[in-house]
Amino acid sequence: MLKLTDDILIYILSFLQPPSILFLRETCKRLYQLSYQRIVWTNACTTDILSNNYPFPSDGNLPQLNLDLLEQYTLKAWFLASKWRQSAFTPPPPRVVGCLDEDITSISDVRFLPCLDRTLVVTISKSIWSGLTVWALQGDVLVKRCEWFPRGAIFTGYAVNSEGMMAVSVWKEGEHIVHILSLDTETWTLNSIATLNTIFRPICLNGHVLALSNDVSKSLLWDWQNSTYAILQSSPLPNDENQGGTRNLFQLTPNPQPQHDRCIQVIFAYHSILVVSARSIHLFPFPVFSTIPFAPDIPAFLPSEDSNAHKVHAPLAQHSFGWVDGVAVSVSSAHGEHSKGRMEEHVALSILLRPESDDPWYPAEEHKLEMYTLYPNSAFDPSSLDEVVVSSNLSTKSQAQQLPYTFPPVLTHAIPTRHGVLRCASLALGKCGTGVWIEPRLPRTMEGLVDGFLRHAAKGNWNARKEKERVMCAVFPGPLYVSGLEGSKSESEELDRGPVPIQIQGMELDISGVVDDDDDGMGDWAAFDYDESRGRVVLASSYGRVLILEV
16 MLKLTDDILI YILSFLQPPS ILFLRETCKR LYQLSYQRIV WTNACTTDIL SNNYPFPSDG
76 NLPQLNLDLL EQYTLKAWFL ASKWRQSAFT PPPPRVVGCL DEDITSISDV RFLPCLDRTL
136 VVTISKSIWS GLTVWALQGD VLVKRCEWFP RGAIFTGYAV NSEGMMAVSV WKEGEHIVHI
196 LSLDTETWTL NSIATLNTIF RPICLNGHVL ALSNDVSKSL LWDWQNSTYA ILQSSPLPND
256 ENQGGTRNLF QLTPNPQPQH DRCIQVIFAY HSILVVSARS IHLFPFPVFS TIPFAPDIPA
316 FLPSEDSNAH KVHAPLAQHS FGWVDGVAVS VSSAHGEHSK GRMEEHVALS ILLRPESDDP
376 WYPAEEHKLE MYTLYPNSAF DPSSLDEVVV SSNLSTKSQA QQLPYTFPPV LTHAIPTRHG
436 VLRCASLALG KCGTGVWIEP RLPRTMEGLV DGFLRHAAKG NWNARKEKER VMCAVFPGPL
496 YVSGLEGSKS ESEELDRGPV PIQIQGMELD ISGVVDDDDD GMGDWAAFDY DESRGRVVLA
556 SSYGRVLILE V
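End of the sequence shown = 566 in our numbering, gap-free, step of one.
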């Protein structure tokens, strides 16, 4: 084998899985040196990771990665995918990789801040004033790097993007201003590089376009780099539409009665924008942007807050799930037969939601997380949206050509879960189909007390009062999903759009063995964030404690 040329050996290595390359590296000096060639790990990443749509950092553009990071990310993605694919039979045990032991001001939100060569976490604190702190993971400890506490300010919204930029809306001295913050990791300073004076709060930062909402019926898209904007006008739901339903909309309802409809997420989908709120989802065509008058050294203003002064974009379709406690939407990773051609971009949208559960009379055995799917519309013609964007009149083209996705969403999966009250009702859903959520404590009923007593007794712990919230995860059909039916039914049959949703079992990320059960700061979670590509979850408690878990 050693008599072969380097090109032939590199070609042979391209058929090996990433761990096998490491084993071959130990055989001789020549293969050791050859295994450090960039082409070897580029082939491994492309063939075994990207082509299978396994989790890989979206900020990890292969040409921009140095060799060490390319090898590290490829191996990490391989082992992470292997763990998830085995989780259908054995839940993946978590590992604590970082912890903030010191008590800090009560945390209201926590996020991962994407960075290529390190793990950064941002915490939002609210007491008399609001502020944010950037932490870097060093070893197994979170170290404070910088903070941003505008004197007398109250934060009303926050968003991050894959480039490590942040958007924060601040209410201070009678003004509501949105700041775009840039983090300099060499000097560890936060700089405000763009501002906008507006009543809207940040929801999603996608590149240099920030999506904001007024939590009633309007969303704002602000391109802070080019100083342009667009207004999306949702159709408010009438009072009798709490039980859900769907409508196709090509013009606004006359004289609607505005109601509070908190915006949770904004998705930049295929030729469209999906606005996800607590009571409804609205699908918009990708809008035409208008210019914001610019003046240096002062926050930018929209021409007027009067809706008649703006070009308003109406929704194509909407649907209501009724009241929900939490919802997460993800652009599904293409896999199988859909990973080729047009479907690489035009893929389904997955919607994971938690129906409202504060009602004490709600049957506990019926409470479930639900997964809906917005399937791509194969008859969609992108040119048909041009007419809708430039005009508020009804289009003469068929609805099938105008909608990028088929409405209404289809209920495809369900997960039984506990019924109870949560401080953090948020859900997280990755594009590869892995989901994370917090499950409430057992209810304070005789049945719950007995169940908790027996479970703790089995662990040798007789104090049932120490019941804590649980961190749960699940794998939905996608590149990491392995059917648990063991051949009784093919995966393609299992994924058919049947009228009955497929039941999926949630798995607990049991942290009882890695944190102190007597620590009251661990288990009363106020916020969390999930990075699917790195297999990490960051949790923040209402006591100001922060924990980073690795699947």
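Glycine included, C-beta positions come from ideal geometry on N, C-alpha and C.
Beta-carbon proximity check, residue i vs residue j, cutoff 8 Å
| i | j | result |
| --- | --- | --- |
| ALA293 | VAL339 | yes |
| HIS223 | ASP199 | no |
| ILE517 | THR427 | yes |
| ASP539 | SER527 | no |
| THR213 | LEU227 | yes |
| GLY445 | PRO70 | yes |
| VAL553 | VAL158 | no |
| GLN333 | SER295 | yes |
| SER242 | ALA315 | yes |
| LEU317 | TYR390 | no |
| ALA174 | LEU225 | yes |
| SER184 | GLY172 | yes |
| HIS328 | PRO302 | yes |
| LEU368 | PHE336 | yes |
| VAL567 | CYS114 | The structure shown does not extend to residue 567, since the chain is modelled only from 16 to 566, so the question has no answer here. |
| ILE366 | VAL344 | yes |
| PRO109 | ARG549 | no |
For residue i, the three-state DSSP class (helix, strand or coil)
| i | result |
| --- | --- |
| ARG456 | coil |
| PHE304 | coil |
| GLN258 | Unreliable positioning characterises GLN258 in this predicted model, as indicated by a pLDDT of 48, which lies under 50. The coordinate reading is nonetheless provided below. It is coil, neither helix nor strand. |
| GLU371 | coil |
| TYR88 | helix |
| ARG45 | helix |
| ALA59 | helix |
| ILE313 | coil |
| ILE519 | coil |
| ILE36 | helix |
| TRP144 | coil |
| ILE246 | strand |
| ASP544 | strand |
| LEU400 | helix |
| SER197 | strand |
| THR411 | Since pLDDT at THR411 reaches only 41, below the 50 mark, its modelled position is unreliable, and the value read off the structure follows with that caveat. The answer is coil: DSSP assigns THR411 none of H, G, I, E or B. |
| LYS98 | helix |
| ARG110 | strand |
| GLN280 | strand |
| GLN153 | strand |
| LEU65 | helix |
| LEU524 | coil |
| SER387 | According to the sequence provided, residue 387 is Tyr. The question's Ser does not apply to it. Correct three-state label for TYR387: strand. |
| ASP132 | coil |
Residue of the options minimising C-alpha distance to residue i
| i | options | result |
| --- | --- | --- |
| THR62 | GLU484, PRO33, PRO72, TYR47 | PRO33 |
| ARG277 | ILE54, SER121, PRO217 | PRO217 |
| THR210 | HIS191, GLN153, ASN221 | HIS191 |
| SER121 | ASP21, TRP144, ILE282, VAL158 | TRP144 |
| ALA2 | ILE64, GLU371, ARG53, LEU19 | Because the chain is modelled from 16 through 566, residue 2 falls outside the range shown and cannot be assessed. |
| ILE519 | ALA429, SER35, GLY341, ILE279 | ALA429 |
| ASN81 | THR57, TRP99, GLU41, SER102 | THR57 |
| VAL342 | LYS383, PRO330, SER305 | LYS383 |
| PRO397 | ASN221, PRO419, SER140 | PRO419 |
| LEU298 | LEU289, SER305, PHE304 | LEU289 |
| PRO424 | ASN67, LEU437, GLU482, ALA363 | ALA363 |
| GLN417 | SER348, ARG45, TYR88, PRO330 | PRO330 |
| GLU201 | MET181, ASP132, SER142 | ASP132 |
Exposure of residue i, with buried meaning 16 or more beta-carbon neighbours within 10 Å
| i | result |
| --- | --- |
| ASP83 | exposed |
| ILE195 | buried |
| CYS439 | buried |
| SER35 | exposed |
| GLU547 | buried |
| TYR51 | exposed |
| GLY154 | exposed |
| LEU19 | exposed |
Cut-off 8 Å between Cβ atoms - residues of its own chain near residue i, not counting five sequence neighbours on either side
| i | result |
| --- | --- |
| ARG551 | VAL112, PHE127, THR134, TYR545, ILE563, LEU564, GLU565, VAL566 |
| THR204 | CYS161, LEU198 |
| ARG262 | Low confidence applies here, because ARG262 scores a pLDDT of 44, under 50, leaving its location unreliable and the question unanswered by this model. |
| PHE543 | VAL125, CYS439, SER441, ALA443, VAL451, ILE453, VAL486, VAL552, VAL553, LEU554, ALA555 |
| GLU360 | TYR285 |
| SER29 | VAL55, ASN58, ALA59, THR62 |
| TRP150 | LEU115, LEU135, VAL136, VAL137, THR138, LEU157, VAL158, LYS159, ARG160, VAL561 |
| GLN240 | ALA209, HIS223 |
| LEU31 | LEU39, ALA59 |
Residues of its chain near residue i, where Cβ-Cβ distance is below 6 Å and the 5 sequence neighbours each way are ignored
| i | result |
| --- | --- |
| ARG485 | GLU454, GLU523 |
| ILE169 | SER145, TRP186 |
| TYR5 | Past the boundaries of the shown model lies residue 5; the chain is included only from 16 to 566, so the question cannot be answered. |
Spatial neighbours of residue i in its chain, beta-carbon cut-off 7 Å, leaving aside the 5 residues before and after
| i | result |
| --- | --- |
| ASN176 | LEU220, ASN221, GLY222 |
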